[in-house]
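This report concerns only the one structure given below.
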Amino acid sequence: MLLRLFILILGIGIVRFGDTCTKRKLGGWQSSNDDTLQTEMVTLAQQQLEATSDLSSQPIRVLSFQTQVVAGTNLRLLFIVNEQQQCTLQAFKPLPYTQLPTQITSFQCNNVTEQA
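What the sequence shown shows, in mature numbering (1 follows the signal peptide of the UniProt record, and there is no 0), is residues -17 to -1, 1 to 99, in sequence order.
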């Protein structure tokens, strides 16, 4: 009985210590400063704009970039194109050992005036 209680307390302590050290919500979306991943997402956004709209050559202004660690990494880029369209691009980056490319899971744009 005491051994079970000790294991339970130890397990809770490890979870709390790990959460305190990382300062992250487990499984939640986190702002990211990873320039490599953000650059990859901007490139995907430009490719998506080329394929779906006439805004492909317009400047992109990044509003936010977030990641979510799952069995791989979910990526979310919120950006404005030519100060006219606010867009959200979501993608999934598989674990490195799979050697699979990042896949777009969602892409949506709305007029900036519709966002207000």
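The beta-carbon is built from N, C-alpha and C at its ideal position, and this holds for glycine as well.
Taking 8 Å as the cut-off, the beta carbon of S89 is found closer than this to the beta carbon of Q73. A straight-line Cα-Cα distance of about 27 Å links V53 and R44. Checking the DSSP bridge columns, you'll see A74 partnered with L58, I87.
Just so you know, the alpha carbons of N57 and Q82 end up roughly 16 Å apart.
In the three-state scheme derived from DSSP, where H, G and I count as helix and E and B as strand, L46 is classed as strand.
Look at Q31 here: in three-state DSSP terms it is helix. Around the beta-carbon of A34, fewer than 16 other beta-carbon atoms lie within 10 Å, marking it exposed. When DSSP states are grouped into helix, strand and coil, Q41 belongs to the coil group.
With fewer than 16 other beta carbons inside 10 angstroms of its own, L78 counts as exposed.
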